[in-house]
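Everything below concerns the one structure shown next.
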Amino acid sequence: MLTGLDIFIFGGFLLCIMGVGIYIGQKENTSEDYFLAGRSIPWYGVAGSIFGTNISANHLVGMLGIGFSIGFAQAHFELGAAAGLLLLAYVFLPVYYKLRIFTLSEYLEKRFGPASSLMYTITSFILILVQMIAAFYIGSRTLNILLANTGIQFGYIGGIFGLIAISCTYTIFGGLKAVVWTDFIQTTILLIAGILVAILTFLQPEIGGWAGFMANDAAQAVPKMNLYLPSDHESLPWTGAFTGLMILHFFYWGNNQYLVQRALAAKSLRGCLKTLN
């Protein structure tokens, strides 16, 4: 549960993020500035934004749930990203940069015609809409639970619209540059906090460090620290990890508009390749 100090820190952080986003976006004059940050983002900014886009609230909750269910094999949802990013870096991005496109729909229209562009646009819109609904719902639900002892309750719908308003404030007024740098800030904080939580967790006497953790897992009837599960596993067989899941990685990391758009915002193709490698 949140205390008054927690609410103060959390609220202050949100205001700072909104302020940074709006301030950064003040100097945008062209459509390229707005949608691609003027193709001026350094490699570390692009890397932080791509990482932050992937590691969202619904991602963390979902991965924790899958990890609890099937164990370490859930790492395939991230390990396979390497293949998708390499495909993007060395196959697709050189073409995108050469054509100076803004969106993948634009490329598809130039290459295959308006029908394919429209189909991709509709598919991407539905995908993003479903992801955003889940992300805002999880965020709203979490806030309502954390604020339960403070008397501040706004319901799931109110929380969803509140989160939408906050994120839209700097996204709409600041453009992609604001999104990238606020992503970068939040990613940095998330990484530091995640590392600290992991260290403090393994230092607990109940865990006994990494050795104690592995020994406890080995003593279980069904150990969870197996990267590969049997081919007849109902959730994630190793055969599925290298076939269907890999195809999804190729789409998500190589042909996903809101990830590719960040890559296209890099200062140069060389800088973008540095980001993805």
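At position 74 of the sequence shown the residue is numbered 73 (numbering that gives the first Met the number 0), and the sequence of numbers has no breaks. Glycine is no exception: its CB is placed at the ideal position from the N, C-alpha and C atoms. Keep in mind the model is a prediction, meaning the values are calculated, not measured.
Item                                                                                                                                                                                 : Value
Please classify G242 as buried or exposed, where buried requires at least 16 neighbouring CB atoms within 10 angstroms.                                                              : The residue asked about is misnamed: residue 242 is Thr in this sequence, not Gly. Counting Cβ neighbours within 10 Å, T242 comes out exposed, since fewer than 16 surround it.
Output the boundary residues of the alpha helix (DSSP H) element that contains T29.                                                                                                  : Premise fails: T29 is in no alpha helix (DSSP H) and is neither H nor E.
Counting along the chain, where does the alpha helix (DSSP H) carrying E205 start and finish?                                                                                        : E205 -> no alpha helix (DSSP H), and no H or E assigned at all.
Verify whether the separation of the beta carbon atoms of A264 and S39 is less than 9 angstroms.                                                                                     : yes
Is it the case that the Cβ atoms of S55 and A164 are separated by a distance below 9 angstroms?                                                                                      : no
Helix or strand or just coil, what does DSSP make of I54?                                                                                                                            : coil
On the DSSP bridge assignment, give the partners of I40 in chain order.                                                                                                              : A265
If contact is defined by three or more beta carbon pairs under 8 angstroms, each pair taking one atom from either stretch, is the segment 201-214 in contact with the segment 65-76? : no
Taking the alpha-carbon of V19 as reference, which of G64, T181 and G158 has the nearest alpha-carbon?                                                                               : T181
Under the three-state reduction of DSSP, which class applies to N148: helix, strand or coil?                                                                                         : helix
Just to confirm, is the Cβ distance from M224 to D231 under 9 angstroms?                                                                                                             : no
Any heavy atom of the ligand SAM closer than 8 angstroms to the beta-carbon of E31?                                                                                                  : Questions concerning the ligand SAM fall outside what the structure shown contains, since it holds no ligand whatsoever.
Pull up the distance between the alpha-carbon of F249 and that of E27, whole angstroms please.                                                                                       : 32 angstroms
Would you kindly check if the distance between the Cβ of G253 and the Cβ of G83 is under 9 angstroms?                                                                                : yes
Taking the C-alpha atoms as reference points, what is the distance between V179 and L235?                                                                                            : 33 angstroms
What span of residues does the alpha helix (DSSP H) with F12 cover, start to end?                                                                                                    : G3 to I23
When the distance is taken between beta carbons, is W237 closer than 9 angstroms to L228?                                                                                            : yes
Among the candidates M131, Q130 and L107, whose CA atom is the shortest distance from the CA of T120?                                                                                : L107
Can you tell me which of the three DSSP states H248 falls into?                                                                                                                      : helix
Whole angstroms are fine: how far does the CA of L87 sit from the CA of G47?                                                                                                         : 17 angstroms
Specify the secondary structure class of P93 as computed by DSSP and reduced to three states.                                                                                        : helix
Going by the beta-carbon positions, is the gap between G174 and F34 smaller than 9 angstroms?                                                                                        : yes
Between L85 and G79, what straight-line distance do the alpha-carbon atoms span, to the nearest angstrom?                                                                            : 10 angstroms
Would you identify the three-state DSSP class for R140, choosing helix, strand or coil?                                                                                              : helix
For L103, which residues from the same chain have a beta carbon less than 7 angstroms from its beta carbon, with the 5 sequence-adjacent residues on both sides left out?            : Y119, N254, Q256 and V259
For R261, count the other beta carbons within 10 Å of its own beta carbon; 16 or more makes it buried, fewer makes it exposed. Which is it?                                          : buried
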